[in-house]
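Using my numbering, you'd call the opening residue of the sequence shown number 158 and step up by one each time. Where a beta carbon is used, it is the ideal one built from N, C-alpha and C, also for glycine. Here's the structure, in structure tokens; my notes come after.
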Amino acid sequence: MLRANLHDFHRLVLTILALGFVAGCEHGPSDKPVKTKFAGQYPIKVVCTTGPVADMLRHLGGEHLAVTGLMGPGVDPHLYRVLPDDLDRIDAADIIFYNGLHLEGRMIEVLEEIGERKRTVAVTQQLVESKDKRLRKPPEFEGYYDPHVWHSPKIWADCVKYVTSTLIEFDPANRADYESHGKMYLEQLAAADEYCRTELNKIPAEQRALVTAHDAFNYFCVEYGLESMPLKGVSTDMEVSISRMQEVVEFLVKRKIKAVFVETAVAPKIVEALIEPCRQAGHEVIIPPPDRELYADALGSSKSGADTYLGMIKTNVDIIVTALK
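What follows is the structure in structure tokens.
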């Protein structure tokens, strides 16, 4: 009876947190220890937050994992709150993977609560623990790291290595398969990195700038030699200041940048507001058509070509190169 009451209590806490009615609450400890080794029936039930994380686990797990992603195409992880239906998936999961680095900002309390009774893994944890020098700390993000590391295939490859080792630790019986799948995926990521480098080098030096709604592409720009000029900071929840809008307009006019880019999870009006001020200053700048939006924080639909991580990387590169070269 005590076990049932505690379980119901945890469900209630998660529901309250997910709906955002309170900032937090005090409660007793869970009676279920966190599982460090899988001892159930296959396939292992895995719940992931974002599309890139879910796609990674599908590549690494093969037939051993049944992967469920909580955030579908076009969903903004910065603003996402766990829905009541998600709680059933979370409760049934054997292990949970999420991006970390405060990407899932409004889910943090839920993930911390879950972590008290279930294996919960941030795929970026090793980057933090090793104090990876590639991690950046934007001053406007309250001391947190920029979470958009997946836009660098090289950094994402290190996350893949960490998740592979985590799966081996959690399910040592299938070590050989996880290692094999991990090796193949790392080879694909290396090929994606080379594709990015080759294609983006086709952009003239004076056009190598990426103007977007929010600062999702800094790792991408650092890796491939573009200048990142976002209107917002790293979170879509931030407001655009008038001074920042003017700064970006002046940058576009001075550099004669050909195009600015809308993101699938951000309202297009933010970027569209740049067009008229540039025109009034004597410079015409374009926005690629609606089916050529960049995939910043979410993967695309099954018909987009960006429904996998590798597809998302290629699609973004093709859109950027076509608009700027």
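Query: Inter-residue Cα distance where the pair is Gln283 and Lys202; Result: 23 angstroms
Query: Identified DSSP bridge partners for Lys202; Result: Ala223
Query: Check whether Val487 and Val406 have beta carbons under 8 angstroms apart; Result: Limits of the chain in this structure are 158 at one end and 482 at the other, which puts residue 487 out of reach.
Query: Integer Cβ distance of Asn256 from Val210, believed to fall under 8 angstroms; Result: 6 angstroms
Query: CA-to-CA distance, His308 to Leu383, given in whole angstroms; Result: 13 angstroms
Query: Beta-carbon contacts of Phe178 that lie in its chain and below 8 angstroms, excluding the five residues immediately before and after; Result: With a pLDDT of only 34 at Phe178, under 50, the local geometry of the prediction cannot be trusted, and no value is derived from it.
Query: At least 3 beta-carbon pairs within less than 8 angstroms: the stretch 370-381 vs the stretch 327-336; Result: no
Query: With 16 other Cβ atoms within 10 Å as the buried cut-off, status of Thr193; Result: exposed
Query: Backbone secondary structure at Tyr319 - three-state DSSP; Result: helix
Query: CA-to-CA distance, Lys415 to Ala349, given in whole angstroms; Result: 25 angstroms
Query: Contact under 8 angstroms by Cβ, Pro230 with Gly457; Result: yes
Query: Coarse secondary structure for Val267, derived from DSSP in three states; Result: helix
Query: Through-space distance from Ile444 to Leu409, alpha-carbon basis; Result: 13 angstroms
Query: For Ser385, three-class secondary structure by DSSP; Result: strand
Query: At least three beta-carbon pairs within less than 8 angstroms, the stretch 240-248 to the stretch 334-349; Result: no
Query: Contact check, Gln403 vs Leu481, beta carbons under 8 angstroms; Result: no
Query: Between the CA atoms of Leu357 and Thr479 - distance to the nearest angstrom; Result: 10 angstroms
Query: Whole-number beta carbon distance between Thr421 and Tyr452, since they are thought to touch under 8 angstroms; Result: 6 angstroms
Query: Assigned exposure category for Thr355 - 16 Cβ within 10 Å defines buried; Result: exposed
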